[in-house]
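Presented below is the structure to which this report refers.
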Amino acid sequence: MKGNILSHTRNNMIQFGIKRIINFSLPKEIFKTVNRAISIFMLNNGYTKETHYKEIRNNSVVTDTLLSLEQDKSIVYEPIQLGIVDKTITRDDFEAYDLCKNARLFSIASNGYFMYADHTEDCIEYTNNKILEDDIEVVFLDGAHKPYVLYANRNKLPKGKEYIDSWKIVCGSKIALNEIVVSNLNVLKPGQILTNSFAIMAITNSESEIYSILKYIKTKFHRMLIRLTISDNKTAYGLGRTIYVPLQNFTSQSDIDWSQSVENIDRQLYKKYNLNQEEIDYIESTLESI
Numbered sequence: 001m002k003g004n005i006l007s008h009t010r011n012n013m014i015q016f017g018i019k020r021i022i023n024f025s026l027p028k029e030i031f032k033t034v035n036r037a038i039s040i041f042m043l044n045n046g047y048t049k050e051t052h053y054k055e056i057r058n059n060s061v062v063t064d065t066l067l068s069l070e071q072d073k074s075i076v077y078e079p080i081q082l083g084i085v086d087k088t089i090t091r092d093d094f095e096a097y098d099l100c101k102n103a104r105l106f107s108i109a110s111n112g113y114f115m116y117a118d119h120t121e122d123c124i125e126y127t128n129n130k131i132l133e134d135d136i137e138v139v140f141l142d143g144a145h146k147p148y149v150l151y152a153n154r155n156k157l158p159k160g161k162e163y164i165d166s167w168k169i170v171c172g173s174k175i176a177l178n179e180i181v182v183s184n185l186n187v188l189k190p191g192q193i194l195t196n197s198f199a200i201m202a203i204t205n206s207e208s209e210i211y212s213i214l215k216y217i218k219t220k221f222h223r224m225l226i227r228l229t230i231s232d233n234k235t236a237y238g239l240g241r242t243i244y245v246p247l248q249n250f251t252s253q254s255d256i257d258w259s260q261s262v263e264n265i266d267r268q269l270y271k272k273y274n275l276n277q278e279e280i281d282y283i284e285s286t287l288e289s290i
């Protein structure tokens, strides 16, 4: 709901007319006690020309340009970010990353209750140890955001039985506008499922591909393209967060050598998408390795 409200607000502002944006992208630059970036908008009813965009960091103007704003995209884009996005989505072979159609396939709340459309219900019985052959692992997060496991019978799950024996890559349910973007990255093996404290980033039946997909998710390239869809400090991960992320071939026939380190895979991706040195430096300086 929150994401829909933000998108609706952005679109209304663009339709009304945005004449100028001043963006202080570093948290605490304006208000020292508030850990938030600040954007100032000058609205002018009926204004349809290009928007004057100014980016300020550490009391210095780093960008001063004109932008054409499109609906359904984040308003505050630096030109360098737009350049990175354009080099991915305008390729003839672009196909958006969609290795999981539903980030919350099992609809199990963080407390273990099953989430129906209009209520939650304590209908799944959990044990500390595996008792029956059909028992599977359910991965929870504790108060310190550390994973722990309880067991439940696969036949008693109300939803998602067909995905129990797939390989899954999961992250914390919230992604953030910070230096890592995604947290709690884990690979779940067949026979392991998760609560909604996590979100599923990829699901596949191929063990040979799952760790290549994990390396891709860890790249700064992949995480930057997710980061560009985040409008608030923290927001829920879902399929819409990968609209700029290009899907890759994760087999041995790929144009990317997935046997390499994450750092080397980033270099291959920068080359594949023809990023210039300024764009590479921007990504490398914005994000940390994970």
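Quick note: the sequence shown uses my numbering, first residue 1, plus one each step.
All C-beta atoms in this analysis are idealised placements derived from N, C-alpha and C, irrespective of residue type, glycine included.
Being a predicted model, the structure only gives us computed values, none of them experimental.
When Cβ pairs closer than 8 Å are counted between the two stretches, the stretch 212 to 220 is seen to touch the stretch 238 to 252, the count reaching three or more. If you ignore the 5 residues before and after His-222, its C-beta comes within less than 7 Å of the C-beta of Tyr-216, Val-245, all in its own chain and listed in chain order.
Around the Cβ of Glu-55, a 10 Å sphere holds 16 or more other Cβ atoms; the residue is buried. When Cβ pairs closer than 8 Å are counted between the two stretches, the stretch 186 to 198 is seen to touch the stretch 134 to 142, the count reaching three or more. Secondary structure of Asp-266 (DSSP, three-state): helix. Contact between Thr-229 and Asp-266 is absent: CB atoms are separated by about 19 Å, not below the 8 Å threshold. DSSP, read as helix, strand or coil, puts Ile-280 in helix. Look at the stretch 78 to 154 and you find these whole runs of beta strand (DSSP E), each 3 residues long or longer: 135 to 141, 147 to 153. Burial of Leu-225 is indicated by the presence of at least 16 other C-beta atoms within 10 angstroms of its C-beta. DSSP, read as helix, strand or coil, puts Leu-214 in helix.
For Thr-219, the secondary structure class from DSSP, reduced to helix, strand or coil, is coil. Beta-bridge partners of Met-42 (DSSP): Arg-20. Taking all protein chains shown into account, Met-201 has 16 or more neighbouring C-beta atoms within 10 Å of its C-beta and is therefore buried. Distance from the CA atom of Asn-233 to the CA atom of Asn-45, rounded to whole angstroms, is 29 Å. In this structure, the beta-carbon distance from Ala-103 to Gly-238 falls below 8 Å. Of the residues assessed, Asp-86 falls on the exposed side of the cut-off, its CB having fewer than 16 other CB atoms within 10 angstroms.
Residue nearest to Leu-43 within the set Ala-199, Asp-134, Lys-28, Phe-16 is Phe-16 (criterion: CA-CA distance). In this structure, the alpha-carbon of Asn-128 lies about 28 Å from that of Ala-117. Going by DSSP, Thr-63 is part of the beta strand (DSSP E) stretching over 60 to 67.
By the criterion of a C-beta distance shorter than 7 Å, Ser-25 is surrounded in its chain by Ala-37, Glu-55, Arg-57, once the five residues flanking it on both sides are discounted. The way I'd put it, the stretch 149 to 160 doesn't touch the stretch 168 to 188; fewer than three beta-carbon pairs between them come closer than 8 Å. In the structure shown, Tyr-53 falls within a strand segment according to DSSP collapsed to helix, strand and coil. Cα atoms of Phe-31 and Tyr-148: separation of roughly 39 Å, rounded to the nearest angstrom. Taking 8 Å as the upper bound for CB-CB distance, Tyr-126 and Tyr-151 are in contact here, some 7 Å apart.
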